[in-house]
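Below is one structure, written out as structure tokens; comments come after it.
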Amino acid sequence: MLETAVIYLVAAIVAVPVAKRLGLGSVLGYLLAGILISPNLLGLVGDQTSVMHFAEFGVVMMLFLVGLELQPARLWKLRHSILGLGGLQVLATSAIIFAVCFFLFDLPWQTALAVGLMLALSSTAIVLQTLTEKGWIKQDAGQNAFSVLLFQDIAVIPILAVLPLLAFQGLTSTKASSHNLITHFPVYGQVLISLAVIAVIILAGKYISSPLFRYIAETRLREIFTITALLLVIAIALIMEKIGLSPALGTFLAGVVLAESEFRHELEVDIEPFKGLLLGLFFITVGASIDFPLLFDKITIVTTSVIGLIAIKALVLFVLAHLFKMKGGQKLLFTLALAQGGEFAFVLLSLTGSLVITSPEQTKLITLIVAISMLCAPLLLMMYEKSLTRLTAAPPEFDSVKDLEPTKNVIVAGYGRFGQIIGRLLTAQGYHLSILDHSPSQVDLLRRYGHTVFYGDAARQSLLEAAGAKEAQLLVVAVDERDKTLDIIELAHKHYPNLKILARAIDRRHAYELMKLGVTSFKRETFDSAINLGVEALKLLGNEKEHAIRAGKLFTDHDMESMTLLADKWGDDKSYGVAVKQRSEDLKQVLQRDQIGQKNLNTCQKQSRNEN
Numbered sequence: 153m154l155e156t157a158v159i160y161l162v163a164a165i166v167a168v169p170v171a172k173r174l175g176l177g178s179v180l181g182y183l184l185a186g187i188l189i190s191p192n193l194l195g196l197v198g199d200q201t202s203v204m205h206f207a208e209f210g211v212v213m214m215l216f217l218v219g220l221e222l223q224p225a226r227l228w229k230l231r232h233s234i235l236g237l238g239g240l241q242v243l244a245t246s247a248i249i250f251a252v253c254f255f256l257f258d259l260p261w262q263t264a265l266a267v268g269l270m271l272a273l274s275s276t277a278i279v280l281q282t283l284t285e286k287g288w289i290k291q292d293a294g295q296n297a298f299s300v301l302l303f304q305d306i307a308v309i310p311i312l313a314v315l316p317l318l319a320f321q322g323l324t325s326t327k328a329s330s331h332n333l334i335t336h337f338p339v340y341g342q343v344l345i346s347l348a349v350i351a352v353i354i355l356a357g358k359y360i361s362s363p364l365f366r367y368i369a370e371t372r373l374r375e376i377f378t379i380t381a382l383l384l385v386i387a388i389a390l391i392m393e394k395i396g397l398s399p400a401l402g403t404f405l406a407g408v409v410l411a412e413s414e415f416r417h418e419l420e421v422d423i424e425p426f427k428g429l430l431l432g433l434f435f436i437t438v439g440a441s442i443d444f445p446l447l448f449d450k451i452t453i454v455t456t457s458v459i460g461l462i463a464i465k466a467l468v469l470f471v472l473a474h475l476f477k478m479k480g481g482q483k484l485l486f487t488l489a490l491a492q493g494g495e496f497a498f499v500l501l502s503l504t505g506s507l508v509i510t511s512p513e514q515t516k517l518i519t520l521i522v523a524i525s526m527l528c529a530p531l532l533l534m535m536y537e538k539s540l541t542r543l544t545a546a547p548p549e550f551d552s553v554k555d556l557e558p559t560k561n562v563i564v565a566g567y568g569r570f571g572q573i574i575g576r577l578l579t580a581q582g583y584h585l586s587i588l589d590h591s592p593s594q595v596d597l598l599r600r601y602g603h604t605v606f607y608g609d610a611a612r613q614s615l616l617e618a619a620g621a622k623e624a625q626l627l628v629v630a631v632d633e634r635d636k637t638l639d640i641i642e643l644a645h646k647h648y649p650n651l652k653i654l655a656r657a658i659d660r661r662h663a664y665e666l667m668k669l670g671v672t673s674f675k676r677e678t679f680d681s682a683i684n685l686g687v688e689a690l691k692l693l694g695n696e697k698e699h700a701i702r703a704g705k706l707f708t709d710h711d712m713e714s715m716t717l718l719a720d721k722w723g724d725d726k727s728y729g730v731a732v733k734q735r736s737e738d739l740k741q742v743l744q745r746d747q748i749g750q751k752n753l754n755t756c757q758k759q760s761r762n763e764n
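Straight run, no breaks: the sequence shown in the numbering used here ends on number 764.
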């Protein structure tokens, strides 16, 4: 096991960076890594079936994360492009491929329909990554491509549910049902049990998950929260598998239910690394499973099929782009971006193979066709970028993507008594806030009052990224922990150098630490309130209001000047102590001179009034 793990890791480290530098993307890098170590090339690994079954869990996690992003309000804004464009693409492509397989290749209608459904899907991982890297995601073509991919990801769920109905009577593999606990029930009983389990998942996600995560978060142990998040995904996947439903269906539903949870961001950043690793492993196993002897033996069929698949999908996409009134080069970009097979086809092939909808030879052949079409995808986009970029002169529009991922004007880290005041002021002025707080009880309390606050540690780069740090104009660090404030600022300086930072200083010493980090915009949490109370004390002691306010302002200005002058000496107790004493004497003299000046001014004004 360790030897195999080392081979996988080394292959990924070698192939993925090279693929990224060549502009092919990380997914193709993983595929190439798998091809490199496959039995047909270097022969470093053997049969990948058992590894692929484990790696498929990465796809389950991907659907959980897709569910976390599908908030009902955001889906509603994209309803026309998702349902219209995405729905038509899947239906039209499936119908044409079904007709070709059924009438031209004389396949059984069940097999033809399954092939049509799985080949209608495109590669979410390749397309989104490439469009984002090239800066095309916010163009009209990128927005519409995203909508189609979103519909395809959702469509996987009903497809997974439909495929068992296509299984040939009496030929279903025992492997497909050996772990099903409800097969001995009548059909109506199985349906009722399945619906009951789905209902329990939805209700538990809505009413039990938040108290559970809040209880876990109170421990302040990050690894326990991560373990709980993994347990949630694994347990739901296991339950769904035990009743004969798709594990992806259960985790997707759980993700949708938790999309409105205050723990959504933390769940996302905790699950994301595991999803990435398992998906990388999944793609490597796909690459290693490519049957090169079959490719060379059926080179004509494979080549024709790949070209035919890309041509059919491109034709459907181009017609839809025309119907939905995309412009010039945007139409071509949309067409080329989605004209390939997708990673979900591998998952569906695994199921169709176990259900004997496709034969082992057909499964291998379709796997080969999809994998090669995915290898062609970035090449098509590279060709578009180099030779047809001039066609994309139409200015990008930012409607649906902006609606889906709104720009965060301000991130507020820490929304206690200090951060709330800042947040209320900014919100009243129309700024959009992305609020993070690491106290579960505080998050729960604020959400009861209608605030959108998310649980999470802002000192984690992945969480700041999810909160919109790349697009944000300002980061307000208002947490009440000295070291945590410094960690957040150092992280922001390192990864987001253009992000403006405003910080809460606990005390004078903390202010010096902030200044050493280059933060010039900060406020000591008790300073202003103490000055205001000092001004009230002067008034109660008989000083005139104007004199008391002026004394407070002089004190504030002198103290801020002292902070700048003393910052370099802080840490050297001897020289710092001498400088502090000198500044204290200077302050007394400043206030005394001002007091004398005010008395002289008042005397002159009084004499002037008497003379008049």
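From the three backbone atoms N, C-alpha and C, an ideal C-beta is built for every residue, glycine too.
With distance defined between alpha-carbon atoms, name the residue in the options nearest to residue i.
{"i": "A411", "options": "I354, I391 and A529", "result": "I354"}
{"i": "S413", "options": "A207, Q295, Y607 and E698", "result": "Y607"}
{"i": "E370", "options": "D680, L706, S593 and A700", "result": "S593"}
{"i": "D711", "options": "S727, D725 and Y664", "result": "Y664"}
{"i": "F404", "options": "E418, I388 and G396", "result": "I388"}
{"i": "P661", "options": "A619, N650 and F674", "result": "The sequence shown places Arg at residue 661, not Pro. Nearest C-alpha to R661: F674."}
{"i": "T708", "options": "A689, N684 and S727", "result": "N684"}
{"i": "L598", "options": "A619, H584 and G575", "result": "G575"}
{"i": "I658", "options": "A624, F570, K721 and G729", "result": "F570"}
{"i": "G439", "options": "I187, E696, L364 and L706", "result": "I187"}
{"i": "S398", "options": "S361, I379, P425 and P316", "result": "P316"}
{"i": "L235", "options": "R416, D305 and V349", "result": "D305"}
{"i": "P363", "options": "G460, F415 and G480", "result": "F415"}
{"i": "V629", "options": "Y583, Q572 and D596", "result": "Q572"}
{"i": "S441", "options": "L382, G198, V631 and K483", "result": "G198"}
{"i": "L382", "options": "D443, L217 and M270", "result": "L217"}
Throw me the rounded Cβ distance for the residue i and residue j pair, which I believe falls under 8 Å.
{"i": "A266", "j": "T510", "result": "7 Å"}
{"i": "L520", "j": "L447", "result": "6 Å"}
{"i": "I462", "j": "A491", "result": "5 Å"}
{"i": "Q281", "j": "V212", "result": "With a Cβ gap of about 20 Å, Q281 and V212 do not count as contacting."}
{"i": "A610", "j": "L588", "result": "5 Å"}
{"i": "G238", "j": "S299", "result": "6 Å"}
{"i": "V508", "j": "A264", "result": "Between A264 and V508 the Cβ distance is about 15 Å, and since that is not below 8 Å, they are no contact."}
{"i": "V671", "j": "I641", "result": "6 Å"}
{"i": "I518", "j": "V454", "result": "The pair is not a contact, with the Cβ atoms about 10 Å apart (cut-off 8 Å)."}
{"i": "L347", "j": "I395", "result": "Rounded, the Cβ-Cβ distance is 10 Å, inconsistent with contact."}
{"i": "H474", "j": "K483", "result": "7 Å"}
Just the Cα atoms here: how many angstroms apart are residue i and residue j?
{"i": "L154", "j": "A719", "result": "53 Å"}
{"i": "V279", "j": "A489", "result": "6 Å"}
{"i": "G602", "j": "V158", "result": "50 Å"}
{"i": "K652", "j": "S681", "result": "25 Å"}
{"i": "G294", "j": "F486", "result": "7 Å"}
{"i": "Q734", "j": "S586", "result": "44 Å"}
{"i": "I436", "j": "A185", "result": "6 Å"}
{"i": "L161", "j": "L433", "result": "9 Å"}
{"i": "L215", "j": "D422", "result": "15 Å"}
{"i": "A171", "j": "I309", "result": "31 Å"}
{"i": "L301", "j": "L273", "result": "8 Å"}
{"i": "A207", "j": "F377", "result": "23 Å"}
{"i": "A700", "j": "A689", "result": "9 Å"}
{"i": "G428", "j": "L469", "result": "29 Å"}
{"i": "E513", "j": "K450", "result": "12 Å"}
{"i": "T326", "j": "E393", "result": "At T326, the pLDDT of 45 sits below 50, so the modelled position is not reliable; the number obtained from the coordinates is stated separately. Using only the alpha carbons, I get a separation of about 14 Å."}
{"i": "L283", "j": "I289", "result": "5 Å"}
{"i": "T245", "j": "V203", "result": "31 Å"}
{"i": "G494", "j": "H205", "result": "17 Å"}
Tell me where the beta strand (DSSP E) around residue i begins and ends.
{"i": "A565", "result": "V562 to A565"}
{"i": "I587", "result": "L585 to D589"}
{"i": "Y160", "result": "Where Y160 is concerned, there is no enclosing beta strand (DSSP E), although the alpha helix (DSSP H) it sits in stretches over L154 to R173."}
Would you say residue i reaches chain D, if we count a Cβ-Cβ gap shorter than 8 Å as a contact?
{"i": "P592", "result": "Absent from the structure is chain D; it holds one protein chain and no more."}
Can you tell me where the alpha helix (DSSP H) holding residue i begins and where it ends?
{"i": "V339", "result": "V339 to Y359"}
{"i": "G219", "result": "F209 to E221"}
{"i": "S441", "result": "R416 to S441"}
{"i": "P445", "result": "F444 to D449"}
{"i": "E335", "result": "Per the sequence presented here, residue 335 reads as Thr, with Glu not at that position. Run containing T335: none; DSSP gives neither H nor E here."}
| task | Would you list, in sequence order, the uninterrupted alpha helix (DSSP H) runs of no fewer than 4 residues that lie entirely inside the stretch 646-685? | result | Taken in chain order, the whole alpha helix (DSSP H) runs of length 4 or more contained in the stretch 646-685 are 660-668.
| Start-end ranges of the alpha helix (DSSP H) lying completely within the stretch 453-512, minimum 4 residues | Taking only runs of at least 4 residues, the alpha helix (DSSP H) segments lying wholly in the stretch 453-512 are 480-489 and 496-506.
| Where are the beta strand (DSSP E) runs, 3 residues long or more, that stay fully inside the stretch 238-291, in chain order? | Those beta strand (DSSP E) runs which fall completely within the stretch 238-291 and span 3+ residues do not exist here.
| field | Segments of 4+ residues assigned as alpha helix (DSSP H) that fall wholly inside the stretch 576-630 | value | Unbroken alpha helix (DSSP H) stretches of 4 residues or longer found wholly inside the stretch 576-630: 592-600 and 613-618, given in chain order.
| field | Contained beta strand (DSSP E) runs [length at least 3] in the stretch 695-736, N- to C-terminal order | value | Segments of the beta strand (DSSP E) lying fully in the stretch 695-736: there are none.
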